[in-house]
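Each protein sequence line maps, in turn, to chains A and B.
Per our numbering, residue -1 is the first one in the first sequence, and the count goes up by one each step.
Per our numbering, residue -1 is the first one in the second sequence, and the count goes up by one each step.
Glycine residues also receive a C-beta, built at the ideal position from the N, C-alpha and C atoms.
There are 2 protein chains.
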Amino acid sequence: MLIVQKYGGTSVGSIERIQNVAAKVQARVADGHQMVVVLSAMAGVTDSLIDLAQQINPEPAAREMDVLLATGEQQSIALFCMAAETIGLPAQSLLGFQAAILTDNMFGKARITDVETARIKELLDEGKVVVVAGFQGLDWDSGDVTTLGRGGSDTTAVALAAALGADVCEIFTDVEGVFTTDPNVEPSARKLAAISYEEMLEMASLGAKVLDIRSVEFAAKFGVKIHVRSTFTDREGTMVVPEDQITERLIISGVAYNKNEARLTITDVPDTPGIASQIFSPISQAGIVVDVIIQNTSAEGKTDMTFTVPKTDYEAARRILKDIADQIGAAEVLGDTEIAKVSVIGIGMRNHAGVASKMFAALASENINIKTINTSEIKISCVIDEKYTELAVRVLHKTFGLGEDQPPVAEDVT
Amino acid sequence: MLIVQKYGGTSVGSIERIQNVAAKVQARVADGHQMVVVLSAMAGVTDSLIDLAQQINPEPAAREMDVLLATGEQQSIALFCMAAETIGLPAQSLLGFQAAILTDNMFGKARITDVETARIKELLDEGKVVVVAGFQGLDWDSGDVTTLGRGGSDTTAVALAAALGADVCEIFTDVEGVFTTDPNVEPSARKLAAISYEEMLEMASLGAKVLDIRSVEFAAKFGVKIHVRSTFTDREGTMVVPEDQITERLIISGVAYNKNEARLTITDVPDTPGIASQIFSPISQAGIVVDVIIQNTSAEGKTDMTFTVPKTDYEAARRILKDIADQIGAAEVLGDTEIAKVSVIGIGMRNHAGVASKMFAALASENINIKTINTSEIKISCVIDEKYTELAVRVLHKTFGLGEDQPPVAEDVT
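Here's what the structure looks like:
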C-alpha cells in the first residue's frame, strides 16, 4: 500500500517522540508499505516564533510571517530524517517548494492549488520514506513561501494523498479518534469506528478539533480515506470515509457543542427586498464570520433577524449593527454572549423523522429552554443558555444511545 | 550607489540589535543608496540547532543538516523585514533558492557556482531593500538546499556584490576592521585603512578571523571592494581592495600567528622519485589538511621531511606516518604539538630585501629559536616554541613599526 501519514506537533514534540515516530514509520515499511510522512513543527515552536515576531512588530507583513513560521516544519523534517538514519531507515526531507505543494498567494491562509508528485514518486521508487514539511507551500507565480494556517498540515497530508492516489491518509494526533461527544463532558463517550465526510465536517465546524475542516473538504472532494488515530497507542482510530463505506449506520453519530459564539438580534426590520444584504455586507466587510442566520416570518411588514458571530467579534459586530439599525429604521439591537450551541449530527437522520422532536423533548425534560433552532440535512442545532451546555450534551448523548454502556440506536430501531 | 551589506550573527543577535541594523540600513537608503542586505543566523541559533541534531544523530546526513541549519538565516531575514516595516522601510526577504544563489552539491561546504540577479534587480527597482539569507544556496540539479559552511554569509555577500556589480560590499562584524596584529596580544595594534586581497588571504589563512577566506578569494577574482567594519560604531573600518588601490604602501601590513598546528617530521627518508606522494597521499585521503611542507636537501640519498597539520589531526597523522615510515624504510617519526607559527605579511616586501633578516634578527634578540622557515612572495612564516608566541608577535610588531605610537615603516624607508 501507499500510505500518507501526518504527525502533529505533540507527536514530534521532543527528541524521544521524533525517535518514536521514526520507529512507527519503520514498522510500516517493514510490512512492505510505501510511506510519505508529513510533519508539523515541534509543539511550541510555532507559538514561540509568533511571539518573537510580535515583539518586533505587532502586525508583521503576512509574507514575512510565513517565511518565519515555515522554519518550524523545516526543522522537524530534518530532525526526523536524522532519527530515521540512526535506525537504518532511508528517508529524505522535502520542503514545500521541493515537494511542489503549490498554493495561491494568500499568505497565512493559502489554499493548495496543485501538487506535482514527480519528485516524490521518484524517491518512493528509490525505496525512500519521503518526509514532507506540512503547513507550507509555494506560490508558483512569485516563488514566495506560503503557509496554510493553523491545522494546515492535515491539509498537506490529504492533498498529497489525493495527488498520489494513496490508499489511506493516516492523521496521527494526541486523541484516539473521533468520539460521539467530548469525553471530558460525557465519560461514556464512545470512539466511532467510522464517520462520513459530511458528519465530520459538521463535527469539525462545531468545534470538535480533531481534524482541520479544510482537510476534510479536500478529502471529500477527492475521496481520500482518512484514518484519525493516536500517535501514542497502536489501536485503530476512526475512519473518515464516503458515506457508502460506513457499515454501522447510526441515526446519530455524535453530539457536538460550541461555546465560542454570541448571538445578536435586530428587531422590527422593515421587510423589504435587499434588506438582508444591507445588514450583512458591512459585517462581512469587517472580516466577521457570521454563522447561523435566522429570520422569523414577517408580521406587518416588519421582521426580526438573529444570527451568531464568534464571541471575540461580538463587540465589533454590535457596534456595526447599531449603525445599521439607525440607517434602516429598525427598532432595537439585542445581544447575548452567554449562549452555547448544541447539535446532534448523523447521516441517518435523513431518512428518519422524529429526531428533532426527540431532541427537543430531551432538552425539555431537563428544563433547558431552546432559544433558536437551526437544521441542515444531517444536523440539528439548538442555541441554549451557556450554563446548561454540559447537561444538554449528556442528556442528548444518552437519548440517542451513544454511550459505551448503551445499546446503539441503529437505523432500524426507530 | 548599490551597496551590499552583510551582518553577522552578533550584529543580529537580539531583537534590539535587529532593530538597530534596520535603522542603519534606513540611514543609507535615506542617503539615496540601493541596498542589498545579507544576514547570518542570530548568534547562538546555529550552534543550538547543531546541538539538537547531535542529540538525535551524532553523524547526521549532510543533506538534512543543511535543511536544518538553513532555518537560522530564514528566521533572521523574516524578523529583519518585520523590524524594517515598523520604521517604514520597504524590505523583502529572499531565501537562497529565491535569490537564486546556485551552488554545487557539496552539502555543508557548498561552493557558489552562479547567482541569477533578475529578481533582486526587480525588487531594487521597486525601491525595496532586498534582504537575502546568507550561508544557504540551492543545488539547481537536485533542488536541494545547501549551506556554504562556517563564515558562508561573507561569501554570499561578496558573490551577490560581484553578480550585481555593487559599488562596495560592506561586511559588518563585531570588530572595527583588520588590525596590524591581534590587539589582545599587542595593545598598540593599529587598524589598517586598506589591505590588498593577497595580504588579507594570508592574514585570514593564518587565523585572523575577520573575513572568511573564500569570500576574499571570490572578491579578488571579481574585483569586489570589501569594507570590513563594526556594526556598533559608525567609524570607517578597513577596505580590502586590489593592490593598486592602496595608497599607504607599508612594507609589512601585519603580524599574524597561529597556535592551532602541530609539526611532524619523518627522518632518513630514501630520496627516490615519488616518495613525497607515497607519504602525503594516505594523509590527504584521511581528510587531513597539510599546511607547510619542508624538505631538507638530500645527503647520502636520504632526506628529512617536515610538515604541519591541525592539532586536532595530529594523533591520526602520526599513526598514518608511522605505518608509512615502516613501509618506505624511513628512520623515525618525530612530532611536536607545542609550536606556533608567526608570520609577517606585506605586499611591500616583494621589492625589498632585508625583511627576512630583519625578522630573524628581531626573534634572535629575544632568544627565540626558529624551528622552520617558510616564505611566500608576500609572507615570511617561522615556526617557534608555542610559549614564545606573544613575545614574538610583540617584537615583530615593533620591529616593523606597526604600532599606533610608531612612525610606520613605509616602502621608501628601507
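At least one CB of chain A lies nearer than 8 Å to the CB of Gln73 of chain B. For the segment 77 to 108 of chain A, the residues whose beta carbon sits under 8 Å from a beta carbon of chain B are, in order, Leu77, Cys79, Met80, Ala81, Glu83, Thr84, Gln90, Ser91, Leu93, Phe95 and Gln96. Annotated three-state conformation of Phe216 of chain A is helix, per DSSP.
In the DSSP assignment, Leu190 of chain A falls outside any beta strand (DSSP E) and carries neither an H nor an E. Taking each of A:Thr231, A:Gly135, A:Lys119 and A:Gly235 in turn and checking the Cα distance to Cys167 of chain A, the smallest one comes out for A:Gly235.
Sequence-ordered contacts of the segment 46 to 66 of chain B with chain A read Leu47, Leu50, Ala51, Gln53, Ile54, Asn55, Pro56, Glu57, Pro58, Ala59, Arg61, Glu62, Met63, Asp64, Val65 and Leu66 [C-beta pairs closer than 9 Å]. At a cut-off of 8 Å between beta-carbon atoms, Ile118 of chain B makes no contact with chain A.
Residue state for Met237 of chain A is assigned as strand, using DSSP reduced to three classes. Taking a cut-off of 8 Å for Cβ pairs, the segment 96 to 104 of chain A and the segment 134 to 142 of chain A touch, as three or more such pairs fall below it. Proximity to Lys396 of chain B across B:Pro185, B:Gln32 and B:Thr335 peaks at B:Pro185, based on C-alpha coordinates. A check of alpha carbon separations from Val183 of chain B across B:Glu402, B:Val391 and B:Lys377 identifies B:Val391 as the nearest. The Cβ of Gly141 of chain B sits closer than 8 Å to at least one Cβ of chain A. Using a CB distance cut-off of 8 Å, Ile366 of chain A does not count as an interface residue toward chain B.
A contact is defined here as three or more CB-CB pairs under 8 Å, and the segment 161 to 175 of chain B meets this definition with respect to the segment 229 to 245 of chain B. Shown here for Leu66 of chain A: same chain residues with a beta carbon closer than 7 Å to its own, the five before and five after excluded, namely Leu47 and Ala51 in chain order.
With a cut-off of 8 Å on Cβ pairs, the segment 150 to 162 of chain A is not in contact with the segment 356 to 370 of chain A, counting fewer than three such pairs. In the DSSP assignment, Tyr5 of chain A falls within the beta strand (DSSP E) that extends over Leu0 to Tyr5. In the three-state reduction of the DSSP assignment, Leu209 of chain A falls in the coil class, being assigned neither a helical nor a strand state. Contacts between Thr69 of chain A and chain B, judged by CB atoms closer than 7 Å, involve Thr69, Gln72 and Gln73 in chain order. Straight-line measurement puts the Cα of Ile343 of chain A at about 31 Å from the Cα of Leu37 of chain A. Chain B places a beta carbon closer than 8 Å to that of Ile16 of chain A, counting this residue as a contact. Following the DSSP letters along the chain, one finds Thr263 of chain B inside the beta strand (DSSP E) bounded by residues Glu259 to Pro268.
Counting the other Cβ atoms within 10 Å of the Cβ of Asp45 of chain B gives fewer than 16, which makes it exposed.
Spatial neighbours of Gly346 of chain A in its own chain (CB-CB distance under 7 Å, excluding positions within 5 residues in sequence) are listed in chain order as Arg247, Leu248, Ile249, Ile250 and Glu409.
Around Cys79 of chain A, the same chain offers Ala89, Gln90, Ser91 and Val129 as residues with beta carbons nearer than 7 Å, after the five sequence neighbours per side are excluded.
According to the DSSP assignment, Leu248 of chain B belongs to no beta strand (DSSP E), since it is labelled neither H nor E. Burial is judged here by how many other beta carbons sit within 10 angstroms of a residue's own beta carbon; Arg317 of chain B has fewer than 16 and is exposed. Separation of Ser379 of chain B and Glu120 of chain B (C-alpha to C-alpha, rounded to the nearest whole angstrom) is 48 Å. When DSSP reads this structure, Cys380 of chain B sits in a beta bridge with B:Val340 and B:Ile371. The segment 284 to 304 of chain B and the segment 218 to 233 of chain B do not touch, with fewer than 3 CB-CB distances between them shorter than 8 Å. The beta-carbon of Ile13 of chain B is placed less than 8 Å from the nearest beta-carbon of chain A. Put simply, the backbone Cα of Ile13 of chain B is about 14 Å away from that of Gly42 of chain B. Counting C-beta pairs closer than 8 Å gives three or more between the segment 252 to 269 of chain B and the segment 327 to 340 of chain B, which meets the contact rule. Contact fails between the segment -1 to 7 of chain A and the segment 56 to 66 of chain A, because fewer than three Cβ pairs, one in each stretch, are under 8 Å apart. In the same chain as Leu319 of chain A, and ignoring 5 residues on each side of it, the C-beta atoms closer than 8 Å to its own belong to Leu262, Ile264, Ile277, Ile281 and Val331, in chain order. Your pair Ala254 of chain B and Ser341 of chain B checks out as a contact, with CB atoms roughly 5 Å apart and the cut at 8 Å.
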